[in-house]
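Here's the structure we're looking at; comments come further down.
Numbering (full-length UniProt numbering), first residue to last: 1 to 350.
The structure is reproduced here in structure tokens:
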């Protein structure tokens, strides 16, 4: 398991970054922030408050919130941009709208920090990230560690906290919270508006095809509040994940990167082929049910490969296997929608 950063995690950053941070102390003026959200309530207020002196160069993009988020954000940032919900909403579209608004209002912006409205930004992050991008001209975007605010509250939050883990250095993809060069994003035409999820890794595919690198820094970037307390929320989130596997891998099916092809195949195998084989095999011979023994065997295999506490590893392994069923549902939704030419709306879990 990757060691999670602590409050002192910045002390272990690459020494070159630490030495040069003072040289680039004025870079904050070159950074704007785009926050996106929908009905985040107090989480959004905490998010905007965490931006400190960057709030005056922050645009909040709201997607038809009904909880007072717009009114609260108007007091805490430079501009609130309500999306026209006559057009189907996607997070990618919200990010693009925020980026366009930033470039119109502050055209000389060098870097843009994208932030989900349920996250709080570490006060040291922007200075460290901008310094790194100034030093590394070959890197398009950087991100750090995302931590769950309440990982011990539910098993679902704990799984999210585990999901955010990863080694520092050059990586193939990122999540939603990133600091990116405005010029790189502009050259690509932004995020893919049609994607209902997975727009960030898809962006990374296009960036890497143009020779850019994606980098993860070994320091804390954001605190996230998944707030998943019910099995139904976890299921919908997994359905969305499966849809992203299908949509993004289909979009880049001819790309050498083969993004999410393995994730797609695993979901189809465990969530589709194995149960179908068991059902049809049983029609021919009751022994066909023995195929279902593959699931506990897979849980056993994953549990021994997971570097977690003994109790947690069994829970994580079980949900890793069970998650293939909602992922398969999301994959099926994508292909059914393609077949009948219907646009998939965003899959929300909160």
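All residues carry an ideal CB built from backbone N, CA and C; glycine is no exception. Keep in mind that this is a model prediction, so the values were computed, not measured.
Residue nearest to residue i in terms of C-alpha spacing, selected from the options
{"i": "residue 178", "options": "215, 56 and 302", "result": "215"}
{"i": "residue 185", "options": "272, 200 and 41", "result": "200"}
{"i": "residue 96", "options": "203, 296 and 332", "result": "203"}
{"i": "residue 100", "options": "118, 164 and 34", "result": "34"}
{"i": "residue 230", "options": "154, 106, 86 and 66", "result": "154"}
{"i": "residue 71", "options": "88, 48 and 93", "result": "48"}
{"i": "residue 224", "options": "312, 40, 52 and 168", "result": "40"}
{"i": "residue 141", "options": "235, 174 and 109", "result": "174"}
{"i": "residue 94", "options": "117, 109 and 110", "result": "117"}
{"i": "residue 350", "options": "129, 136 and 236", "result": "236"}
{"i": "residue 319", "options": "168, 294, 234 and 59", "result": "234"}
{"i": "residue 183", "options": "162, 198 and 210", "result": "210"}
{"i": "residue 43", "options": "111, 222 and 170", "result": "222"}
{"i": "residue 264", "options": "249, 163 and 232", "result": "249"}
{"i": "residue 145", "options": "60, 162 and 334", "result": "162"}
{"i": "residue 297", "options": "342, 270 and 286", "result": "270"}
{"i": "residue 159", "options": "136, 227 and 176", "result": "227"}
{"i": "residue 295", "options": "275, 312, 287 and 282", "result": "275"}
Residue environment, residue i, which counts as buried when at least 16 other CB atoms sit within 10 Å
{"i": "residue 62", "result": "buried"}
{"i": "residue 74", "result": "exposed"}
{"i": "residue 358", "result": "With the chain running from 1 to 350 in the structure shown, residue 358 is simply not present."}
{"i": "residue 280", "result": "exposed"}
{"i": "residue 344", "result": "buried"}
{"i": "residue 85", "result": "exposed"}
{"i": "residue 37", "result": "buried"}
{"i": "residue 321", "result": "buried"}
{"i": "residue 65", "result": "buried"}
{"i": "residue 148", "result": "buried"}
{"i": "residue 88", "result": "exposed"}
{"i": "residue 323", "result": "buried"}
{"i": "residue 259", "result": "buried"}
{"i": "residue 338", "result": "exposed"}
{"i": "residue 1", "result": "With a pLDDT of 36 at residue 1, under the threshold of 50, the modelled position of that residue is not reliable, and no figure is offered here."}
{"i": "residue 205", "result": "buried"}
{"i": "residue 245", "result": "buried"}
{"i": "residue 5", "result": "Here the model assigns residue 5 a pLDDT of 44, short of 50, so the residue's position is not dependable and the matter cannot be decided."}
{"i": "residue 22", "result": "At residue 22 the pLDDT is 49, less than 50, meaning the model places this residue with poor confidence and gives no usable figure here."}
{"i": "residue 133", "result": "buried"}
{"i": "residue 104", "result": "exposed"}
{"i": "residue 60", "result": "buried"}
{"i": "residue 157", "result": "buried"}
Whole-Å CB distance - residue i paired with residue j, under 8 Å assumed
{"i": "residue 45", "j": "residue 76", "result": "7 Å"}
{"i": "residue 247", "j": "residue 207", "result": "In fact, because the Cβ distance is near 18 Å, the residues do not count as touching under 8 Å."}
{"i": "residue 347", "j": "residue 268", "result": "Contact doesn't hold; Cβ gap of about 19 Å is too wide."}
{"i": "residue 180", "j": "residue 31", "result": "That pair is no contact at about 11 Å."}
{"i": "residue 289", "j": "residue 278", "result": "6 Å"}
{"i": "residue 57", "j": "residue 78", "result": "6 Å"}
{"i": "residue 138", "j": "residue 213", "result": "5 Å"}
{"i": "residue 176", "j": "residue 111", "result": "Wrong, their Cβ atoms sit about 16 Å apart, outside the cutoff."}
{"i": "residue 299", "j": "residue 317", "result": "5 Å"}
Closer than 8 Å to chain C by CB, residue i
{"i": "residue 67", "result": "This model lacks chain C altogether, as it is built from one protein chain only."}
(request) At 4 residues or longer, and completely inside the stretch 223–286: list those alpha helix (DSSP H) runs for me, N to C. (result) 231–251, 261–268 and 274–284
(message) Is it the case that the stretch 118–130 contacts the stretch 189–206, given that we only count it when at least three CB pairs across the two stretches are under 8 Å?
(response) no
(message) Quick check for students: name the residue ranges of the alpha helix (DSSP H) that lie wholly in the stretch 125–158, counting only runs of 4 or more.
(response) 125–135
(request) Indicate whether the contact test is met: 3 or more Cβ pairs, each with one atom in the stretch 235–255 and one in the stretch 313–330, closer than 8 Å. (result) yes
(message) Tell me whether the stretch 215–235 and the stretch 298–305 touch, counting them as touching only if at least three CB pairs, one residue from each stretch, are closer than 8 Å.
(response) no
(message) At 4 residues or longer, what runs of the alpha helix (DSSP H) sit wholly inside the stretch 148–215?
(response) 155–163, 182–188 and 199–209
(message) Please give me, in chain order, every unbroken run of the alpha helix (DSSP H) with length at least 4 that falls completely inside the stretch 49–122.
(response) 69–74 and 91–105
(request) Could you name each continuous alpha helix (DSSP H) segment of 4 residues or more that falls completely within the stretch 294–346, going from the start of the chain to the end? (result) 294–305, 310–322 and 324–340
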